[in-house]
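Trainee:
Number of protein chains: 2
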Amino acid sequence: MKWTTAFIPTLREDPQDAEVISHKLMMRAALIRKLTAGAYSYLPLGFKALYKVQNIIREEMVKAGAQEVLLPALQPLELWKKTSRDKDLGEVMIKFRDRHGKITCLGPTHEEVITDLVSREISSYRDMPKTLFQIQTKFRDELRPRFGVLRSCEFIMKDAYSFDANEKDMELSYKKMYDAYERIFSRCGLKYIIVEADPGVMGGGLSHEFMVPAPSGEDIVVVCDSCGYKASKDVFVSKAKEPKDGDPCPKCGKKIKLQNTIEIGHTFKLGTKYSKPLGAKFSDRDGALRDIIMGCYGIGVNRIIASLIEISNDKDGIIWPAAIAPFEIDILPLNMKNDKIVKISDKIYHDLIDKHIDAIIDDRDVSAGIKFKDADLIGFPYQLIVSEKNIKNNIVELKDRKTQKAEEIKIDEVTKRVKGVLYGD
Amino acid sequence: MKWTTAFIPTLREDPQDAEVISHKLMMRAALIRKLTAGAYSYLPLGFKALYKVQNIIREEMVKAGAQEVLLPALQPLELWKKTSRDKDLGEVMIKFRDRHGKITCLGPTHEEVITDLVSREISSYRDMPKTLFQIQTKFRDELRPRFGVLRSCEFIMKDAYSFDANEKDMELSYKKMYDAYERIFSRCGLKYIIVEADPGVMGGGLSHEFMVPAPSGEDIVVVCDSCGYKASKDVFVSKAKEPKDGDPCPKCGKKIKLQNTIEIGHTFKLGTKYSKPLGAKFSDRDGALRDIIMGCYGIGVNRIIASLIEISNDKDGIIWPAAIAPFEIDILPLNMKNDKIVKISDKIYHDLIDKHIDAIIDDRDVSAGIKFKDADLIGFPYQLIVSEKNIKNNIVELKDRKTQKAEEIKIDEVTKRVKGVLYGD
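Residue numbers (the numbering used here), protein chains in the order written: chain A, 518 to 942; chain B, 518 to 942.
(1) Tell me, please, whether the CB atom of P794(A) is closer than 8 Å to any CB atom in chain B?
(2) Below 8 Å on the Cβ atoms is my guess for A583(B) versus F650(B); work out the distance and round it to an integer in Å.
(3) On the DSSP letters alone, give me the boundaries of the beta strand (DSSP E) that N683(A) sits inside.
(4) For K647(B), collect the residues of the same chain with a Cβ closer than 6 Å to its Cβ; drop the 5 residues on either side in sequence, then sort them by chain order.
(5) Which residue's Cα is closest to the Cα of G796(B): P662(B), S539(B), G937(B), E629(B)?
(6) For S800(B), list the residues DSSP reports as bridge partners.
(7) Can you give me, in chain order, the residues of the stretch 582 to 600 of chain A that have a beta carbon less than 8 Å from any beta carbon in chain B?
(8) So, A714(A) versus H783(A), is the Cβ gap smaller than 8 Å?
(9) List the residues of chain A that C670(B) touches, going by C-beta distances under 7 Å, in chain order.
(10) Less than 8 Å between the CB atoms is what I'm expecting for I652(A) and I673(A), so what's the real figure, rounded?
(11) Look at the alpha carbon of A929(A) and the alpha carbon of D615(B), and state the distance between them as a whole number of angstroms.
(12) If we cut at 8 Å on Cβ distances, does V630(B) have a partner in chain A?
(13) Enumerated in chain order, which unbroken segments of the alpha helix (DSSP H) with a length of 4 residues or greater are wholly contained in the stretch 724 to 795 of chain B?
(14) Roughly how many whole angstroms lie between the Cα atoms of F799(B) and V609(A)?
(15) Please classify D658(B) as buried or exposed, where buried requires at least 16 other C-beta atoms within 10 Å of its C-beta.
(16) Pull the bridge partners of N830(B) from the DSSP assignment, please.
(17) Within 10 angstroms of the Cβ of D880(B), are there 16 or more other Cβ atoms? Answer buried if so, exposed if not.
(18) E638(A) versus chain B: which residues are under 7 Å apart at the beta carbon?
(19) Would P625(B) be called buried (16 or more neighbouring beta carbons within 10 Å of its own) or exposed?
(20) Sorted by chain position, which residues of the same chain lie with C-beta nearer than 7 Å to F664(B)'s C-beta, five sequence neighbours on each side aside?
(21) My output table needs one value for S904(B): the three-state DSSP class, helix, strand or coil.
(22) Under 8 Å, Cβ to Cβ, is there at least one residue of chain B near R545(A)?
(23) Closer than 8 Å by beta-carbon distance: list the chain B residues that pair up with Y557(A), in chain order.
(24) Could you check what DSSP says for S669(A) in three-state terms: helix, strand or coil?
(25) Ends of the alpha helix (DSSP H) at S539(B)?
(26) Is it right to say C769(A) is buried, meaning 16 or more other beta carbons lie within 10 angstroms of its own, or is it exposed?
(27) Measure from the alpha carbon of A840(A) to the alpha carbon of each residue in D531(A), L660(A), S703(A), then state which is nearest.
(28) Using the rule of at least 16 other Cβ atoms within 10 Å of the residue's Cβ for burial, across every protein chain shown, is G812(A) buried or exposed?
(29) Using a Cβ-Cβ distance cut-off of 8 Å, determine whether I826(A) contacts chain B.
(30) Going along chain B in order, which residues have a C-beta closer than 8 Å to the C-beta of D523(A)?
(31) Quick check on D891(B): buried or exposed, where buried means 16 or more other Cβ atoms within 10 Å of its Cβ?
(32) Using a Cβ-Cβ distance under 8 Å, would K569(B) count as near chain A?
(33) Pick helix, strand or coil for V818(A), following the three-state DSSP scheme.
(34) Could you check whether I781(A) and Y678(A) sit closer than 8 Å to each other, using their CB atoms as the reference points?
(35) Would you verify that the beta carbon of P532(B) is, or is not, closer than 8 Å to some beta carbon of chain A?
Right under this line is the structure:
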């Protein structure tokens, strides 16, 4: 992509209503814009990162044997009455009366819809195991939407649901998703911890939260460095009193510490919490009718991006891992009035594009300073600098955004070297 | 994918509430299920087709220079009051009062949101031309949702918006989208006609509708076979009286005919209809502040699938073009108790998958009749039949779903031949 044709309205100043660093940087780097409280538009650079995250999730879900579906956002309230979750969710659930007087709600999550669907289509133990997932928009009327896309009223969730004939099989389905989650977050460049958690409004048995440690995080987890015990504060509180640094670990007795963490994934062993009230039964090997054993697995897709930025930035801007960066490399012709610089930069750009490297060329006729500032702010993993001094020696500079270290490379070896740093080829 | 692990609950009988063939077949072929009036769940096969259509659209939009964004479904009603379209849309627009008492609506379309966004970010003629698009869910409270996904309350739309400094540039942007639409519909295997249309609630100047002729279509267009004149009935009515077959063509005077068509795309020259009330202005070359000239371009993504099925089916089921089929080829081992059949089928399956051919293997231990019935019903473009008789002669049969003609191919030439029929390799 050429910068002059792209839509990248970066901002010099922090927006006034942004409280956390990811929100500030997502606005300044032209990833998002606010439409109204809790609802954000993704601009092209933000959408590209979001799309790359979605594709990583999709790949790993399919690898784990899950099949993609797409369920409606519009849901009949009656379905929620069957599980009484309309009461549990309360004002968080957005409801409206349609022109025929029927009360419809906007799905804050999809356990009811998918269980209702499966109850009509799965009838035998032979139809299982099945894991279905979707990448879809959820709606929640948050009391206090804040932190940009970290807590908004409309957000993209990957939600998966497993259906099994017995607890043992459910454990296998659960493990597959758990492992897939580890691969997803690693590929997205996130450092995360996994804690035992309170299932909350989802109900059911054990659950695990995938958390990204960050100073600005609102969720507090209890960590024991001695034995490795990790739990959400809610679980801990139910076992003991309000915890503080230095309290004894419930497992080994050594000292625990508290850590701030902005949740990116949650896996739940639901058991029969939804299958029972919604009548999702199957005939077992012995002919007996039993309730389907379920699991559910959520990932906040927008949150992956915000969490990454929250922990991967410096004073100049965002630092993207290549796998989810809006572009992998930014080519900077430092003087657009120098024909030789323009020609060489353009050739490098086309060579990289031909090799399917996701490159952008900053072909604006602006100062080198502005180009460097924007490149650092948006945080493309690599910058390729084409300057008058360098091309005289038949070289260009390849700068690593994170370390800010530059190496000189021969012009005719650019593609090979860039593939090397990006993919280890 | 192996059929035994897939989620493909085909139905033997037509669903009672389905009026048109696409709705019947989408239900029977396990593409969709109804959740409530006007809201459908896509099952894995339906989602796969939908996803392939989305990717074709995405590719052609990017090729035409458009950049992808993602705008919120939740929109403040005030924005709609600025253009008075809250009144135009009336009860079609879904509105609710949030917990703070603010009236929010669910976007039935996004002209207001994108124009408001662009009004803050584009300030000079140098910032244009720009074309932004999204593939996103729209909500409309239809008076009478019907025909499955052809007229539902929740649907996926590709909506693009162009922003130009003058009429001449807008014509160029419009032409690019118009050409992209032709490529998209052709790649999806749709036979379509393009008619002059009434812009309706969108407003602005000239518009074009992309229509698929189908006997069940609700939209009537006027066609003149002599001079090629084509117009929607609404345009025609505004020029003359209610038309009927044999009326004189307004262009050449010869006889017109009426044709039934379920619109799949619409392109609009909006002019300044939205930029003016929403204050989307720019400084021109001469320093003067002018209103941005806009175009907008919609495609009903779900409708592409339903329209295709509406015109591409026979008594046995759907006939998919390979480009958007849920799977490109269905391998049918006719007897799962014959080890040699199972082994050969399995090897063929893995060979095809290795060559990135989107294959499914019907590994169910059911009769050949059931396998053929499901293969024809879902309508995979090709069936690869592995039977006892054939493997004795070291061959398998490759059957074309559309013509039902089968050719014998040597087992070790299967991959090559399948690539040949699918991609012309």
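All residues carry an ideal CB built from backbone N, CA and C; glycine is no exception. Bear in mind that the values here come from a model prediction, so they are computed numbers and not experimental data.
Mentor: Inspection of the coordinates gives the following:
(1) Not one beta carbon of chain B lies nearer than 8 Å to the beta carbon of P794(A).
(2) The beta-carbon separation of A583(B) and F650(B), rounded to 5 Å, stays under the 8 Å limit for a contact.
(3) Note, N683(A): premise wrong, no beta strand (DSSP E); not H, not E.
(4) Once the five neighbours on either side are set aside, the close Cβ partners of K647(B) are F680.
(5) Of the candidates P662(B), S539(B), G937(B), E629(B), E629(B) places its Cα closest to the Cα of G796(B).
(6) Looking at the DSSP assignment, S800(B) forms a beta bridge with S641(B), L806(B).
(7) Here the close residues are G582, Q584, E585, V586, L587, L588, P589, A590, L591, Q592, P593.
(8) Inclusion of A714(A) and H783(A) in the CB contact set at 8 Å is warranted, their separation being smaller than that value.
(9) Those within 7 Å of C670(B) in chain A are L591.
(10) Taking the Cβ atoms as the reference, I652(A) lies roughly 6 Å from I673(A), within the contact range of under 8 Å.
(11) The sequence shown places Asp at residue 929(A), not Ala. D929(A) and D615(B) have their C-alpha atoms spaced approximately 59 Å apart.
(12) Cβ-Cβ to chain A under 8 Å: yes for V630(B).
(13) Runs found: 750 to 756.
(14) Within the model, the alpha-carbon separation for F799(B) versus V609(A) is close to 41 Å.
(15) It is buried - the Cβ of D658(B) has at least 16 other Cβ atoms within 10 Å.
(16) BP columns for N830(B) point to I835(B).
(17) Per the 10 Å Cβ criterion, buried.
(18) Per Cβ cutoff of 7 Å: P526.
(19) With 16 or more other Cβ atoms within 10 Å, it is buried.
(20) When the five nearest sequence neighbours on each side are left out, the beta carbons in the same chain lying within less than 7 Å of the beta carbon of F664(B) are those of E536, V537, H540, in order along the chain.
(21) It is coil, neither helix nor strand.
(22) Judged by the 8 Å Cβ criterion, R545(A) is not in contact with chain B.
(23) Those are P589, listed as they occur along chain B.
(24) Here S669(A) sits in coil by DSSP.
(25) Boundaries of the alpha helix (DSSP H) around S539(B): 538 to 545.
(26) By the Cβ-count criterion, C769(A) is exposed, with fewer than 16 other Cβ atoms from all chains shown falling within 10 Å of its own Cβ.
(27) Checked all of D531(A), L660(A), S703(A); the closest Cα to A840(A) is S703(A).
(28) The residue in question, G812(A), is buried, as its Cβ has 16 or more Cβ neighbours within 10 Å.
(29) So, not an interface residue.
(30) For the sequence presented, residue 523(A) should be read as Ala rather than Asp. What A523(A) touches in chain B: Q584.
(31) Residue burial annotation: D891(B) is buried, with at least 16 other C-beta atoms found within 10 angstroms of its C-beta.
(32) Taking Cβ atoms only, chain A never reaches closer than 8 Å to K569(B), which makes this a no.
(33) In the structure shown, V818(A) adopts helical secondary structure according to DSSP, grouped into three states.
(34) Against a cut-off of 8 Å, the Cβ pair of I781(A) and Y678(A) comes out as no contact.
(35) Output row for P532(B): interface = no.
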